[in-house]
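Enquirer:
Numbering (full-length UniProt numbering), first residue to last: 1 to 115.
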């Protein structure tokens with residue numbers, strides 16, 4: 001902790017002197033954070049790790065929920081991506097996977113189009 005404070009003091013001193021020698025605006029200098037590490041993002045120089053769940057509250061405020069999705073004429077489906085996305089829950093064979101998981105998903109997606 002003491003080493004960090006000394007380092008911050010040395011950095012602050014160098015920045016302050018550089019601002020004075022270059023005829024910088026000292027009021028503008030003091031408006032900004034003058035740290036080696038941003039305090040909002042780090043704790044004593046170590047990056048604070050966040051979680052995705054922490055971001056959901058912030059992001060939900062920015063998003064507006066839309067009612068029904070628009071009706072479309074064409075839907076493009078990537079079969080390889082769908083196979084990787086869908087979990088084969090309850091399917092023991094490929095035929096089971098096709099009838100229980102894959103085809104119901106495809107039919108549900110196609111029901112959303114006009115054609």
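Glycine included, C-beta positions come from ideal geometry on N, C-alpha and C. The structure presented is a predicted model; accordingly, all values stated were derived computationally and were not measured.
Leaving out five residues before and five after residue 100 in sequence, what residues of the same chain have Cβ atoms less than 7 Å from its Cβ?
Expert: The answer, listed in chain order, is 90, 91.
Enquirer: Look at the Cβ atom of residue 97, then the Cβ atom of residue 104, and state whether they are nearer than 8 Å.
Expert: Not a contact, by the Cβ cut-off of 8 Å.
Enquirer: When you compare the CB positions of residue 77 and residue 109, do they come within less than 8 Å of one another, or not?
Expert: Yes, the Cβ-Cβ distance between residue 77 and residue 109 is below 8 Å.
Enquirer: For the alpha helix (DSSP H) that contains residue 79, what are its first and last residues?
Expert: Note, residue 79: alpha helix (DSSP H), 79–85.
Enquirer: Beta-carbon within less than 8 Å of residue 114's beta-carbon, same chain only, minus the 5 sequence neighbours each way: which residues are those?
Expert: 71, 72, 73.
Enquirer: Please classify residue 89: does DSSP put it in a helix, a strand, or coil?
Expert: Three-state result, residue 89: coil.
Enquirer: If you follow the alpha helix (DSSP H) that residue 48 is part of, which residue opens it and which one closes it?
Expert: First-last for residue 48: undefined, no H or E at that position.
Enquirer: According to DSSP, which residues form a beta bridge with residue 72?
Expert: According to DSSP, which records beta bridges pairwise, residue 72 is partnered with 113.
Enquirer: Tell me the rounded alpha-carbon separation between residue 79 and residue 106.
Expert: Distance between the alpha carbons of residue 79 and residue 106: 9 Å.
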